[in-house]
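Just below is one structure, and these are the notes that go with it.
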């Protein structure tokens with residue numbers, strides 16, 4: 001941890017909030033992507049097996 | 001070989017499939033290096049103290065907040081003129097990213113403003129403009145969410161994006177007129193004396209590049225998701241009919 | 001076109017058309033403000049132009065969802081879209097009718113409500129003029145918003161969310177001119193900007209609104 005002087009709270013809060021927001025965005029995007037891919041695979045398999 | 005080949009969803013899926021990891025990894029690397037460098041290994045500013053380190057998040061986020069809207073404007077126009085579905089879906093995919101970037105810029109700006117200007121929030125032109133931009137993102141996303149027919153939704157949001165862009169620029173000037181601000185001038189212009197010290201340049205540029213790569217990776221990922229969802233819908237409809 | 005205009009006026013003024021609702025809402029907003037900020041007459045005098053502008057804007061917003069929804073439900077919008085007069089003109093007429101029904105009464109009562117807020121003497125003229133110049137822009141921007149949400153079942157909330165950011169420049173210049181007038185300064189510059197916004201909106205937005213209506217009717 002570097003010495004942030006009297007602004008420790010502010011600087012770490014800015015980094016904390018931003019990183020949380022970015023990770024949330026990335027996480028939600030990945031989750032949605034996975035769900036869509038799985039659902040699509042499932043239905044394509046079913047259509048294949050149905051002929 | 002032309003750009004329009006990527007308007008074909010299949011071609012887009014193929015290409016984005018191998019582009020996505022490249023951008024994802026490069027953005028992760030650049031952001032890690034840039035932010036760690038910025039956070040741990042830059043000197044404090046003599047006036048702003050350690051708060052100057054917020055710049056490594058604030059400026060790239062603000063940059064991407066505006067560029068995301070600009071990208072939505074371009075892809076909306078492409079949809080309206082050439083009717084490529086991938087383009088409309090890319091605009092849809094970019095909106096939440098732009099909104100989060102706007103939020104980051106606002107939050108880091110508020111946190112930075114607290115020690116520097118003595119207040120979390122001031123009705124400074126740039127802050128106010130970003131708040132308005134945030135409202136535009138909200139409206140745009142809400143519009144997408146509330147129209148059922150995907151083509152109608154794409155059309156309506158595209159026109160909204162067009163009109164919204166004009167009004168966003170107008171608001172920018174109106175807000176400038178309304179209140180002269182506290183905000184500092186450009187920090188990264190090429191020839192100004194107000195530029196920050198060069199030791200901040202490298203990590204800052206690295207962070208900007210990292211944010212750009214992150215944005216591209218997320219847009220690709222989310223567009224792929226939208227394409228898959230669209231295909232899923234089509235298959236479900238076909239199944240119900242069969 | 002005149003017939004359409006008269007028809008819209010008649011529809012708005014007959015029972016259940018919501019005529020007068022906007023004015024009543026405006027009155028209530030203005031009455032509520034002193035309860036919120038306290039009865040000190042100096043504070044009220046300072047914020048009076050802004051309150052009148054925000055109140056007028058909200059009252060205008062309130063009636064927007066009626067602008068096209070009724071015609072959409074009973075199918076007359078489809079007829080208008082295929083009528084010999086261009087849809088762009090229909091939008092202008094409808095916005096004009098909305099303005100006459102909603103905003104003109106607001107402009108008339110604004111000075112009276114100004115008394116309640118202890119509006120400085122020199123500001124009455126400015127408030128009336130800015131509202132008169134600015135409210136047509138509110139109506140036509142609102143018509144665009146109404147066109148965007150016309151096909152939706154519960155579009156009212158979305159309509160507000162879409163339209164309010166678009167109202168920002170109008171509000172800024174309108175309230176700024178009124179405030180400068182109240183402070184005894186010259187408000188000509190913001191007034192001219194306001195007029196510019198109104199004229200530009202009138203010139204361009206009908207095309208966007210008509211475009212969006214066609215999409216929604218598809």
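Protein chains in written order, with this note's numbering: chain A, 1 to 51; chain B, 1 to 242; chain C, 1 to 218. Idealized CB from N, CA, C, for every residue including glycine.
_Within-8 Å CB hit, residue 216 of chain C to chain B_ = yes
*So what's residue 153 of chain C in DSSP terms, helix, strand or just coil?*
coil
*Name the residue from C:185, C:87, C:94 and C:114 whose alpha carbon lies nearest to the alpha carbon of residue 211 of chain C.*
C:87
*Is residue 85 of chain C helix, strand or coil by DSSP?*
coil
*What's the call for residue 18 of chain B, buried or exposed, on a 16-neighbour Cβ count within 10 Å?*
exposed
*At which residues does the alpha helix (DSSP H) containing residue 134 of chain B begin and terminate?*
125-146
*Output, in sequence order along the chain, the residues in the segment 92-105 of chain B whose CB is closer than 9 Å to any CB in chain C.*
none
*asked:* Looking at residue 175 of chain B: is its Cβ nearer than 8 Å to the Cβ of residue 225 of chain B?
replied: no
*Determine the burial state of residue 156 of chain B: buried for a count of at least 16 other Cβ atoms within 10 Å of its Cβ, exposed for fewer.*
buried
*asked:* Is there a Cβ of chain B sitting closer than 8 Å to that of residue 211 of chain C, yes or no?
replied: yes
*Interface residues of chain B around residue 44 of chain C at Cβ under 8 Å?*
Going along chain B, no residue has its Cβ under 8 Å from residue 44 of chain C, so there is no contact; the nearest lies around 21 Å.
*For residue 92 of chain B, which of B:33, B:73 and B:108 has the nearest alpha-carbon?*
B:73
*Assuming residue 26 of chain C and residue 127 of chain C make a contact with CB atoms under 8 Å, what is their CB distance in whole Å?*
Not really, about 13 Å apart at Cβ, beyond 8 Å.
*Run down chain A in chain order and give the residues with a C-beta less than 7 Å from the C-beta of residue 244 of chain B.*
Here chain B comprises residues numbered 1 to 242, so residue 244 of chain B is not present and cannot be evaluated.
*asked:* Under 8 Å, Cβ to Cβ, is there at least one residue of chain A near residue 54 of chain B?
replied: yes
*Can at least three beta-carbon pairs, one atom from the segment 182-200 of chain C and one from the segment 133-143 of chain C, be found at a separation below 8 Å?*
yes
_Rounded C-alpha distance that separates residue 12 of chain B from residue 172 of chain C_ = 44 Å
*What whole-angstrom Cβ distance do residue 162 of chain C and residue 152 of chain C have, given they're in contact under 8 Å?*
Not quite, the Cβ-Cβ distance comes to about 11 Å (not below 8 Å), so this is no contact.
*What's the gap between the Cα of residue 206 of chain B and the Cα of residue 25 of chain B?*
14 Å
*Can you tell me the Cβ-Cβ gap for residue 106 of chain B and residue 131 of chain B, rounded? I've got them flagged as a contact below 8 Å.*
7 Å
_For a test of the three-state rule: what should DSSP assign to residue 63 of chain C, helix, strand or coil?_
coil
_Spatial neighbours of residue 247 of chain B in its chain, beta-carbon cut-off 8 Å, leaving aside the 5 residues before and after_ = Since the first residue of chain B shown is 1 and the last is 242, residue 247 of chain B is not available in this structure.
*In this structure, does DSSP put residue 231 of chain B in helix, strand or coil?*
helix
*asked:* Tell me which residues share the same chain as residue 121 of chain B and place their Cβ nearer than 8 Å to its Cβ, disregarding the 5 neighbours each side in the sequence.
replied: 110, 113 and 127
*Thinking residue 27 of chain B and residue 217 of chain B are a contact (beta carbons under 8 Å), I'd like their distance in whole angstroms, please.*
6 Å
*Three-state secondary structure (DSSP) at residue 190 of chain B?*
For residue 190 of chain B, the predicted structure reports a pLDDT of 44, less than 50, and the residue's modelled location is therefore unreliable. The matter cannot be settled from this model.
*In the DSSP assignment, find the unbroken alpha helix (DSSP H) run with residue 7 of chain A in it and report its ends.*
Unbroken run through residue 7 of chain A: none, as it is neither H nor E.
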